[in-house]
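Notes follow once the structure below has been shown.
In our numbering, the protein residues as written are 7 to 203.
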């Protein structure tokens, strides 16, 4: 009798594992939509010097802003806006969110410089990520985000102030424009998307 009960438990456990494996496979095999940033083939480097493709971030809610570390005007405010967003994220689903700062000045913003910036701003841990790429990849990505930027001196850029939210499939679901604006809708969108994961 005991052996039969044990056998039934083993069978049930095996079936459950099989179902979970099928579910995981279904998620990873799902087609990337035409609207997803995960279609971009560009390579990026993190503040830790790791090379990644955007599709390696799939499955997370991405909150992205484009900045440059030499900026003395808008970028410190954008960084403060991103920090404010972090403080309002749902504690239970925050692990499903990545807060990403993308450099528009890859010549100056080397991985070492991004790392120093991340450390000095206490942003060198989860969920923060800093990315840089080639000028060409950066321009292409900015176009996807509808971020305009232009170098106006050897050390300065004029640029749009936009924070973009992407769902776990890399599709743009919300944008917050401006500095120090009301971020209620941004937070609501991020938390709602993170709860789906």
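Each residue gets a CB set at the ideal place from its N, CA and C atoms; glycine is no exception.
By the 10 Å Cβ neighbour count, where 16 or more other Cβ atoms means buried, how is residue i classified, buried or exposed?
i           : result
residue 82  : exposed
residue 87  : buried
residue 98  : exposed
residue 67  : buried
residue 131 : exposed
residue 111 : buried
residue 39  : exposed
residue 194 : exposed
residue 143 : buried
residue 125 : exposed
residue 152 : exposed
residue 120 : buried
residue 95  : buried
residue 71  : buried
Find the nearest neighbour of residue i within the set the options, judged by alpha-carbon distance.
i           : options               : result
residue 115 : 180, 194, 192 and 52  : 52
residue 105 : 122, 152, 112 and 89  : 89
residue 93  : 55, 203 and 197       : 197
residue 122 : 95, 96, 74 and 183    : 74
residue 158 : 77, 195, 194 and 144  : 77
residue 173 : 37, 36 and 42         : 42
residue 176 : 156, 160 and 200      : 200
residue 160 : 113, 150 and 95       : 113
residue 44  : 50, 59, 54 and 55     : 59
residue 186 : 55, 85 and 54         : 85
residue 80  : 155, 178, 180 and 189 : 155
According to DSSP, is residue i helix, strand or coil?
i           : result
residue 68  : strand
residue 24  : Summary for residue 24: the model assigns pLDDT 46, below 50, so the residue's position carries little reliability; its value from the coordinates is reported in the next sentence. Residue 24 falls in the helix class under three-state DSSP.
residue 59  : strand
residue 201 : helix
residue 75  : coil
residue 190 : helix
residue 196 : helix
residue 38  : coil
residue 185 : coil
| query | Which parts of the segment 82 to 158 are runs of the beta strand (DSSP E), unbroken and 3 residues or longer, counting only runs that do not cross its ends? | reply | For the segment 82 to 158, whole beta strand (DSSP E) runs of length 3 or above, ordered along the chain, are 103 to 109, 134 to 138 and 155 to 157.
| said: Counting beta carbon pairs with one atom in the segment 53 to 67 and one in the segment 163 to 170, are three or more of them shorter than 8 Å? | reply: No, the segment 163 to 170 is not in contact with the segment 53 to 67.
| query | Pairing CB atoms from the segment 166 to 179 with CB atoms from the segment 132 to 144, are three or more of them under 8 Å? | reply | The segment 166 to 179, when compared against the segment 132 to 144, does not touch it at the 8 Å Cβ threshold.
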